[in-house]
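Line by line, the protein sequences give chains A and B.
At position 89 of the first sequence (counting the first as 1) the number is 89 in our numbering, and the numbers step up by one without a gap.
At position 51 of the second sequence (counting the first as 1) the number is 1051 in our numbering, and the numbers step up by one without a gap.
Each remark here refers to the structure printed beneath this line.
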Amino acid sequence: MSMATERKTPIRVLIAKPGLDGHDRGAKVLAHAMREAGMEVVYSGLRQTPAMIVNIAVEEDVDIICVSIMSGAHLTLFAEIMELLRAEAGETIPVLGGGIIPAQDIVTLTEMGVREVFTPGAPMAAITACIEGLVPA
Amino acid sequence: MDQPYEQSKLQQAKERWEAERLDPALAKVSRPRMPSDVKQQRLYTPLDGDGRDYENDLGFPGQYPYTRGVQPSMYQGRLWTMRQYAGFGTPEETHERFEYLLNQGQGGLLVAYDLPTQLGFDSDDDRAKGEVGVVGVAVDSLADMETIFSGLPLEKASPSLTMNAAANVALAMYVAVAEKEGVPAERISGTTQNDILKEFIARGTQVFPPRDSLRLTVDVIEYCTANLPRWNAINICGYHVREAGSTLVQEVAFALANAITYIEACLERGMDVDAFAPRLAFNFSASANIFQEAAKFRATRRMWARLLQDRFGAKQAASLMFRTGAGSAGSTLTAQQPENNIVRVALQALSGILGGVQSFHSASFDEALAIPTEHSALVALRTQQVLAHESGAAEVIDPLGGSYYVEALTDQIEAEVNLYIAQIEADGGMLQAIEDGRAQAQIAEASFAQQQQIDAGEKVMVGVNQFQDDSDPKIELHRPNPEIVAAQIAKLQQLRRERDNGADQAALVRLEDEARGDGNLMYPILEAVRAYATIGEICGVERKVFGEYQAASI
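The structure is reproduced here in structure tokens:
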């Protein structure tokens, strides 16, 4: 909490729902938690393509992208997001993942450059703390 | 029964017990209470049944107001249907899994479609990338539906087609398969989920704007009423509302408010309530809180009977029956220590059975990690079989009836849900609540509150915020097979080359004309399906005419 108050400008977070998955309970809960932690939240809405997500991230000038996916399409969609992001914005915007993602896929996602992956049961504070840690003040 | 004199004597005795025995005991030692969706006392007595009239408020099973069950014999006649949600990969793989499940004693099929199919995209659509055959089976055209169902005992399979925005296409495909298999329309039984309103507030597979969506839903109900007497035209779901984080009261309130919206739309189309109400079925959530869930099912049965009789003037007994399936509350299952979920699922199934549901889907213990393996799906089915044959819960009708606690809870849930529905209606009804984003916001608020309770440790989740254990769970998970995508796409492209494209195009043109008018689209869709039009083509026409819904932001 203290880190948020020390910042000159609030952290801008993009919460993105790629693919066709409609489960947005986690995305909404986190949007609420992040706002309470003093962050500005941009929500992509449902069913965004990787290109749309990267565009929003660049246009909205966000500090971090949190990608939520429950549908099992994570390997394909994260790969595209990471590749497009590298092309559009270099390595500058960190990406977090969350959803129903088996342990062995977390390893693959981390290799792609996803900084951290949160699965069901992760406390909200752990996620906001991770964001605070990844975005320099 | 109780005389006022005796009531007041009892009241005094209770107060004395509280002051002299309970409070001092609690002052010595007490533990925090579990957060609860409905406010509960520590003890219930005959005082909590004051004013309840047995025949009017409870009655006998199979009789108004159906509080104790919709059939007179309940599980003494026939057990509930054990209907497991299954489907993945290609139609061929799903056919095999269905055959296996039916051979293991499963009573009905609950067909899981992949997301592109649910949203009306063909498997080779750009937007389907990464999603083909992942959360369910890919069905591009009638040919795939034939593969899934051909050779299965259609009259016994009683499949539940878990489709909403494109429920009309799914139903048309099943009807066409039945025609080919020689099963007459009046003999086929099953269910289309077809509950689009809950997609907007909870599950997120809506495609068209709310009012156009409602038209398509009513098309299916009207078609079933006219042609498929044994088909459940709609499965109105509280399940997903609860899964999206709502409270128990919100689950029932939103489901019933959606049901009211559908009924009113059917009446507006000139249908007779007794012609379609018997074909409305429900699907609710079952958590491990067995008493509250059982009370919920009892309360909802009574509310439904009263709603249909008093408000909509239904006269047929079948119109008044709240027939419901229930499913394990998947969101309460944990990724941590996944074997614990077997115990949770057993309690969830027990709560459904004690609540007198007509069918149950028990989730697999790997629910929070992946879609089930054959092994985990079998354990889930066996769980229900143990409850059915070893627990004794099916041996007495409505075994919790008469419990001071459960009867009081039943009354309380009914009262709270009625208040909630009255507020929804005072604010302009469900369509308005969806268009304003109000229903979505209320559910999100409840879900956030729940997460706060979990994070604060007030709501204990074993293995998550207490009794943790960092060791890696050694369980085998289902892996989607990426090779099936190419095969599915090749089959689809071959179909497009080999079918009679003239017939296909003509059917799509007719569909577009009808969509711009006000006819029932089930008929032109059935014609298109018979001509092997793909789901992407059919929904593409609807997208062109109705446009796509853009959700309010969060």
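Quick reminder that beta carbons are idealized off the backbone N, C-alpha and C, glycines included.
Owing to the predicted nature of the structure, the values given are computational and were not obtained by experimental measurement.
If we count the other Cβ atoms within 10 Å of its Cβ and call it buried at 16 or more, is residue i buried or exposed?
i, result
"E1222(B)", "buried"
"P1524(B)", "buried"
"R1033(B)", "exposed"
"E1537(B)", "buried"
"D63(A)", "buried"
"T92(A)", "exposed"
"D1427(B)", "exposed"
"Q1336(B)", "buried"
"V107(A)", "exposed"
"H1095(B)", "buried"
"V117(A)", "buried"
"W1569(B)", "Coverage of chain B is limited to positions 1001 through 1554, which leaves residue 1569(B) absent and any answer about it impossible."
"Q1358(B)", "buried"
"K17(A)", "buried"
"L1307(B)", "buried"
"P1184(B)", "exposed"
"L1280(B)", "buried"
"A1314(B)", "buried"
"E59(A)", "exposed"
"I1201(B)", "buried"
"S1036(B)", "exposed"
"R1042(B)", "exposed"
Locate the beta strand (DSSP E) running through residue i, then write down its first and last residues.
i, result
"F1360(B)", "S1359 to H1361"
"A16(A)", "R12 to A16"
"I69(A)", "I64 to I69"
"E1514(B)", "No beta strand (DSSP E) holds E1514(B); the alpha helix (DSSP H) holding it covers N1501 to R1516."
"G1392(B)", "G1392(B) -> no beta strand (DSSP E), and no H or E assigned at all."
"L96(A)", "V95 to G99"
"A1286(B)", "L1280 to A1286"
"T1192(B)", "G1190 to T1192"
"A1170(B)", "Segment A1167 to E1181 is the alpha helix (DSSP H) holding A1170(B); no beta strand (DSSP E) there."
"I1234(B)", "I1234 to C1237"
Where does the unbroken alpha helix (DSSP H) through residue i begin, and where does it stop?
i, result
"N1340(B)", "N1340 to L1354"
"Y1523(B)", "M1522 to R1530"
"E40(A)", "Here E40(A) belongs to no alpha helix (DSSP H); instead the beta strand (DSSP E) covers E40 to Y43."
"R1543(B)", "I1535 to F1546"
"T1261(B)", "L1248 to E1268"
"E116(A)", "Counting along the chain, E116(A) falls outside any alpha helix (DSSP H), though it belongs to the beta strand (DSSP E) covering E116 to F118."
"S1328(B)", "Not the alpha helix (DSSP H): S1328(B) falls in the beta strand (DSSP E), residues T1324 to S1328."
"N1227(B)", "P1210 to N1227"
"I56(A)", "P50 to E59"
"Y1404(B)", "Y1404 to A1426"
"V107(A)", "A103 to M112"
*Looking at chain A, which residues of the region 1440-1460 of chain B have a Cβ within less than 7 Å of any of its Cβ atoms?*
Residues of the region 1440-1460 of chain B with a C-beta less than 7 Å from any C-beta of chain A: A1444, S1447, F1448, Q1451 and D1455, listed in chain order.
*asked:* Does the region 1459-1469 of chain B come into contact with the region 1246-1260 of chain B, if we say contact requires no fewer than three beta-carbon pairs (one atom in each stretch) closer than 8 Å?
replied: no
*Is the region 1436-1455 of chain B touching the region 1286-1297 of chain B in the sense that three or more CB pairs, one from each, lie closer than 8 Å?*
no
*Decide if the region 1388-1397 of chain B is in contact with the region 1073-1091 of chain B; the criterion is three or more beta carbon pairs, one per stretch, under 8 Å apart.*
yes
*Which of the residues in the region 1188-1204 of chain B, read from start to end, lie with their CB under 9 Å from any CB of chain A?*
E1199, A1202, R1203 and G1204
*Would you say the region 60-74 of chain A touches the region 89-100 of chain A, given that touching needs at least three Cβ pairs under 8 Å?*
yes
*Taking only beta carbons into account, state which residues of the region 26-45 of chain A come closer than 7 Å to chain B, listed in chain order.*
K28, V29, A31, H32, Y43 and G45
*Is the region 1358-1369 of chain B touching the region 1296-1309 of chain B in the sense that three or more CB pairs, one from each, lie closer than 8 Å?*
no
*Three-pair Cβ contact test at 8 Å for the region 1241-1251 of chain B versus the region 1328-1347 of chain B*: yes
*Residues of the region 1107-1122 of chain B with a CB closer than 7 Å to any CB of chain A: list them in chain order, please.*
L1115, P1116 and L1119
*Runs of alpha helix (DSSP H) wholly within the region 1437-1481 of chain B (minimum 4 residues, chain order)*: Listed in chain order, the alpha helix (DSSP H) runs fully inside the region 1437-1481 of chain B are 1438-1455, counting runs of at least 4 residues.
_Tell me which residues of the region 99-116 of chain A have at least one Cβ-Cβ distance to chain B shorter than 9 Å, keeping chain order._
I100, I101, P102, A103 and Q104
*Can you give me, in chain order, the residues of the region 49-73 of chain A that have a beta carbon less than 8 Å from any beta carbon in chain B?*
Within the region 49-73 of chain A, the qualifying residues are T49, S71, G72 and A73.
*Cβ pair count under 8 Å reaching 3, the region 1404-1424 of chain B against the region 1043-1051 of chain B*: yes
*Is it true that the region 1173-1185 of chain B meets the region 1123-1134 of chain B, where meeting means three or more beta-carbon pairs spaced less than 8 Å apart?*
no
*Runs of beta strand (DSSP E) lying entirely within the region 1068-1132 of chain B, each at least 3 residues, in chain order*: 1081-1086 and 1108-1111
*Could you please tell me which residues of the region 1232-1260 of chain B, in chain order, have their CB closer than 7 Å to any CB of chain A?*
A1244 and G1245
*Check each residue of the region 1128-1148 of chain B: if its Cβ is closer than 7 Å to any Cβ of chain A, include it; give the result in chain order.*
K1129, G1130, E1131, V1134 and V1135
_Contact the region 1441-1453 of chain B vs the region 1092-1103 of chain B: 3+ CB pairs below 8 Å_ = no
*Sufficient close CB pairs (3 or more, under 8 Å) joining the region 1535-1551 of chain B to the region 1504-1515 of chain B*: Taking a cut-off of 8 Å on C-beta distances, the region 1535-1551 of chain B touches the region 1504-1515 of chain B, as three or more cross pairs fall below it.
*Which residues, in order along the region 72-89 of chain A, keep a beta-carbon less than 7 Å from a beta-carbon of chain B?*
G72, A73, T76 and L77
*asked:* By the 8 Å beta-carbon criterion, what residues does the region 120-132 of chain A contribute toward chain B?
replied: Per Cβ criterion, the list reads P120, G121, P123, M124 and A125.
*Using a beta-carbon distance cut-off of less than 8 Å, what residues from the region 1366-1385 of chain B approach chain A?*
A1368, L1369, A1370 and I1371
_Assess contact between the region 24-44 of chain A and the region 1150-1162 of chain B, defined as three or more Cβ pairs (one per stretch) separated by less than 8 Å. Is contact present?_
Counting Cβ pairs under 8 Å, fewer than three are found: no touch.
*Taking any Cβ of chain B, which residues in the region 7-21 of chain A have a Cβ under 9 Å from it, in chain order?*
Residues I15, K17, P18, G19, L20 and D21.
*Specify whether the region 113-130 of chain A and the region 1492-1505 of chain B touch according to this definition: at least 3 beta carbon pairs, one from each stretch, less than 8 Å apart.*
no
*For the 8 Å Cβ check, are there 3 or more pairs between the region 1527-1536 of chain B and the region 1187-1201 of chain B?*
no
*Are the region 1467-1482 of chain B and the region 1370-1377 of chain B touching by the rule of at least three beta carbon pairs closer than 8 Å?*
A contact exists between the region 1467-1482 of chain B and the region 1370-1377 of chain B.
*Any residues in the region 1334-1345 of chain B with a beta carbon nearer than 8 Å to a beta carbon of chain A? Which ones, in chain order?*
From the region 1334-1345 of chain B, only T1334, A1335 and Q1336 have a Cβ closer than 8 Å to chain A.
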